[in-house]
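2 protein chains.
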Amino acid sequence: MQPSPKRPTMADVAHRANVSTMTVSRAFKRDTSVSADTRDRILKAAEELGYVFDSIAANLSSRRSGFVAATIPSINNANFADTVRGMTEGLRDSGLEILLGFTDYNVEEEERLVGQLLQRRPEAIIVTGGRHTPRCRKMLANAGVPVVETWDLPSEPIGHVVGFSNADAGRLMAEHFVGRGYSRLGFIGGDTSRDTRGLDRRRGFIAALQDRGLDASRVIASGVPPISMREGAAAMVEMISRWPDTQAVMCVSDLSAFGALMECVRRGIRVPEDVAIAGFGAYDLAEQSVPPITTIDVGAHEIGIRVAELVLDLLNGRRAAEERIVVGMTPTVIVRQTT
Amino acid sequence: MQPSPKRPTMADVAHRANVSTMTVSRAFKRDTSVSADTRDRILKAAEELGYVFDSIAANLSSRRSGFVAATIPSINNANFADTVRGMTEGLRDSGLEILLGFTDYNVEEEERLVGQLLQRRPEAIIVTGGRHTPRCRKMLANAGVPVVETWDLPSEPIGHVVGFSNADAGRLMAEHFVGRGYSRLGFIGGDTSRDTRGLDRRRGFIAALQDRGLDASRVIASGVPPISMREGAAAMVEMISRWPDTQAVMCVSDLSAFGALMECVRRGIRVPEDVAIAGFGAYDLAEQSVPPITTIDVGAHEIGIRVAELVLDLLNGRRAAEERIVVGMTPTVIVRQTT
DNA sequence: ACGCCTTATGTTATCGATAACATCATCTGT
DNA sequence: ACAGATGATGTTATCGATAACATAAGGCGT
Numbered sequence: 001m002q003p004s005p006k007r008p009t010m011a012d013v014a015h016r017a018n019v020s021t022m023t024v025s026r027a028f029k030r031d032t033s034v035s036a037d038t039r040d041r042i043l044k045a046a047e048e049l050g051y052v053f054d055s056i057a058a059n060l061s062s063r064r065s066g067f068v069a070a071t072i073p074s075i076n077n078a079n080f081a082d083t084v085r086g087m088t089e090g091l092r093d094s095g096l097e098i099l100l101g102f103t104d105y106n107v108e109e110e111e112r113l114v115g116q117l118l119q120r121r122p123e124a125i126i127v128t129g130g131r132h133t134p135r136c137r138k139m140l141a142n143a144g145v146p147v148v149e150t151w152d153l154p155s156e157p158i159g160h161v162v163g164f165s166n167a168d169a170g171r172l173m174a175e176h177f178v179g180r181g182y183s184r185l186g187f188i189g190g191d192t193s194r195d196t197r198g199l200d201r202r203r204g205f206i207a208a209l210q211d212r213g214l215d216a217s218r219v220i221a222s223g224v225p226p227i228s229m230r231e232g233a234a235a236m237v238e239m240i241s242r243w244p245d246t247q248a249v250m251c252v253s254d255l256s257a258f259g260a261l262m263e264c265v266r267r268g269i270r271v272p273e274d275v276a277i278a279g280f281g282a283y284d285l286a287e288q289s290v291p292p293i294t295t296i297d298v299g300a301h302e303i304g305i306r307v308a309e310l311v312l313d314l315l316n317g318r319r320a321a322e323e324r325i326v327v328g329m330t331p332t333v334i335v336r337q338t339t
Numbered sequence: 340m341q342p343s344p345k346r347p348t349m350a351d352v353a354h355r356a357n358v359s360t361m362t363v364s365r366a367f368k369r370d371t372s373v374s375a376d377t378r379d380r381i382l383k384a385a386e387e388l389g390y391v392f393d394s395i396a397a398n399l400s401s402r403r404s405g406f407v408a409a410t411i412p413s414i415n416n417a418n419f420a421d422t423v424r425g426m427t428e429g430l431r432d433s434g435l436e437i438l439l440g441f442t443d444y445n446v447e448e449e450e451r452l453v454g455q456l457l458q459r460r461p462e463a464i465i466v467t468g469g470r471h472t473p474r475c476r477k478m479l480a481n482a483g484v485p486v487v488e489t490w491d492l493p494s495e496p497i498g499h500v501v502g503f504s505n506a507d508a509g510r511l512m513a514e515h516f517v518g519r520g521y522s523r524l525g526f527i528g529g530d531t532s533r534d535t536r537g538l539d540r541r542r543g544f545i546a547a548l549q550d551r552g553l554d555a556s557r558v559i560a561s562g563v564p565p566i567s568m569r570e571g572a573a574a575m576v577e578m579i580s581r582w583p584d585t586q587a588v589m590c591v592s593d594l595s596a597f598g599a600l601m602e603c604v605r606r607g608i609r610v611p612e613d614v615a616i617a618g619f620g621a622y623d624l625a626e627q628s629v630p631p632i633t634t635i636d637v638g639a640h641e642i643g644i645r646v647a648e649l650v651l652d653l654l655n656g657r658r659a660a661e662e663r664i665v666v667g668m669t670p671t672v673i674v675r676q677t678t
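Residue numbers (the numbering used here), protein chains in the order written: chain A, 1 to 339; chain B, 340 to 678.
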């Protein structure tokens, strides 16, 4: 069947099946009152005409877009990918689709994107992180749909939160290092202007050192997020050059930790004997590398599942939209061979 | 401003700004005839009312969804992420957004997804791979919008193609191995039922061996795609157990190659001295690992850029929809230390 | 036999923006 | 002075499905 300049509509199907357009509409839904004979006749007519349901028109008249919008900083980040997969699983039987946008770790881009996504009338909107431009914050507050902030634990949530404290995560690793007997500690990553969550991890790490009267100056803030393996490697070189007696280094992500580790392997620096390395995010990479990398797990996939649960509860009226729901996830250290 | 049960519409804005709804519509567009004074008054009224443009209604009346739909097998795959990033860049100034769907390397899921995406009336649709269920193929053929198949080079394209021959890629690596003097060669991955492109790479590899009268039986088809690092590691163990004299192994992806490499490192098997390893896909991981992994580059990012270019040319009438355009990408071997 | 309930189907205005056409005022050229 | 062109704005039917309400037929209980 060749595409025609005018696509068949339900009116065409109705005409061919000798029913009303409303009956055709019912035939394309579940749980509607249509006799089996009528339904069969309608679906056959639709098939013959090459009819494709038009969800744009459906969305307009029902005032439901069928979308949940979600922003993540990067498409190629194992953590965010896991979270999106969790959301997808959680939403699978709901009929809702995820409309994804990528902010590139840029709050201005996030603002533009949120504006654009809101025009699609999502039934809920999920944003990564708890810091936004004032205008973005206002748009979200006025969206009139559930808003969920993830991967952070903002002190003034816009709507709901499924996340964890990045500062706590950094502090946790610092405590692990100290517990291991290390005292000359470094941090790699956490660009001050864009990766706000990485910066929080750094802050937590630094605060824990300061609380103990330890040197908190060994920080390499390398490059624009997300820090690559290569940048992690370069930062490790700089860390060791500037402070050769460094005993342990936390990297802002498993990606950068892997890069740092590989640089040590290249240079014959033994890990953890000569320097311990840790990351964040519990990527497969951290588990599979030789030696396996100590990391922090926040339950990336679980975050997605919980976000989807929350959104469905809010949309189905099982929870009141006016509630301020905070689902806290607990960062845990996965101790491996690099520390 | 509190969300109200009824969202303000252009009619409300028109009333407040004392103009027609059509003038309001013009004020929200570029390149329309609206005086500066009128435009300012309208935008001010919209801001005061908290008006959000409704793209659902716009899409219906203009018969343009503003979407380009794209399916990729997995969200967390560096190659597909690069391709999507290329598409995003290429489409950035066009006003078109990408509506992504994930097929999970499953042609039945692809069929369901394509059906769902087509209901959103995308202005073009991009699918990964050249093999589809018959029903999926028919839906695409009848979609009435540009269809582009990527990451493959099908012999009977549905519409257009931006891709490469996976078989050629496999063959290329086999030739590289032989050129290096290896003759006892193995292949890891390429599940026969789901990863059709991986299977093609395996077929090309095997065919090259058979052409040379070499043993082509050393194949480990491990697990459901995408093959993880862990599965690559396990497959390497099996490869070496079954054929201890294997000299070189191609893995279906850099992910599995990395897993295989790490397993060798764990076991003290020297790469490439004891066994050479190669992958596919030119992930950062392959470059950064120690030793860096020989791989095949197909230009994942460039594929995305070219797809976007093609789609825009087709939508803007610079190319005729009836043309069958095939943009071939050339796989190249990046020779690194693992071979 | 009758009334009520349930199931199946139909009718109609609407969702909110826009394409296509119409109208009016102003400016420019003859 | 007049005619034609241009810019700014308005009018109206429409895009294609659906919510809300309406209608009719059949079955069941009294």
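Glycine included, every Cβ here is placed at the ideal spot set by N, Cα and C. Nothing here was measured: the structure is a model prediction, and the numbers come from that model.
Inter-residue Cα distance where the pair is B:A660 and A:K6: 16 Å
Below-8 Å beta-carbon distance, A:A233 vs any chain B residue: yes
CB contact below 8 Å: A:P3 versus chain B: Interpretation of A:P3 is limited by its pLDDT of 40, a score under 50 that renders its predicted location unreliable; no figure is taken from the coordinates.
Any C-beta of chain B under 8 Å from that of A:V148: no
The alpha helix (DSSP H) enclosing B:E602, as first and last residue numbers: D593 to R606
Distance, A:V147 Cα to B:I381 Cα: 28 Å
Same chain only: Cβ atoms within 8 Å of B:E570, ignoring 5 sequence neighbours per side: S561, G562, S595 and G598
A:S65 beta carbon less than 8 Å from that of A:R131: no
Classification of B:A625 by the beta-carbon crowding that lies within 10 angstroms, buried from 16 upward: buried
Boundaries of the beta strand (DSSP E) in which A:A221 is found, first to last residue: Looking at the DSSP string, A:A221 is not in any beta strand (DSSP E), and its letter there is neither H nor E.
Spatial distance of B:V466 from A:P244 (CA atoms): 51 Å
The alpha helix (DSSP H) enclosing B:F419, as first and last residue numbers: A417 to L430
Contact residues within the region 112-123 of chain A, judged by C-beta distance below 8 Å to chain B: Q116, L118, Q119, R120 and R121
C-alpha distance - B:D534 paired with A:T103, whole-angstrom precision: 31 Å
Counted within 10 angstroms of its Cβ, other Cβ atoms place A:Q288 as buried (16 or more) or exposed: buried
Distance CB(A:V249)-CB(A:I188) smaller than 8 Å: yes
Cross-chain neighbours of A:L214 in chain B, by beta carbon under 9 Å: Per Cβ cutoff of 9 Å: no residues; A:L214 is ~31 Å from chain B at best.
As assigned by DSSP and simplified to three states, the class of B:H499: strand
Contact belief for A:I227 with A:V252 at Cβ below 8 Å, rounded distance in angstroms: 6 Å
Straight-line Cα distance separating A:L140 from A:P157: 11 Å
B:G537 - DSSP class collapsed to helix/strand/coil: helix
Beta bridge counterpart(s) of A:T295 as assigned by DSSP: A:I334
Stretch-stretch touch, CB-based, cutoff 8 Å, three pairs: the region 72-86 of chain A with the region 415-422 of chain B: yes
CB-CB length for A:P331 against A:F164, believed under 8 Å: 5 Å
Expected contact under 8 Å - CB spacing of B:V407 and B:V650 to nearest Å: 6 Å
Chain B contact residues for A:M262, given Cβ-Cβ distances below 8 Å: Q627, S628 and V629
Test: A:R85 CB closer than 8 Å to a CB of chain B: yes
A:M1 versus A:S62: straight-line alpha-carbon distance, rounded: In this prediction, A:M1 scores a pLDDT of 33, lower than 50, which makes its location untrustworthy; no coordinate-derived value is stated.
Contact test: A:G213 Cβ vs the ligand ATP heavy atom, cutoff 7 Å: Although the ligand ATP was asked about, the structure shown includes no ligands whatsoever.
Through-space distance from B:H515 to B:T633, alpha-carbon basis: 10 Å
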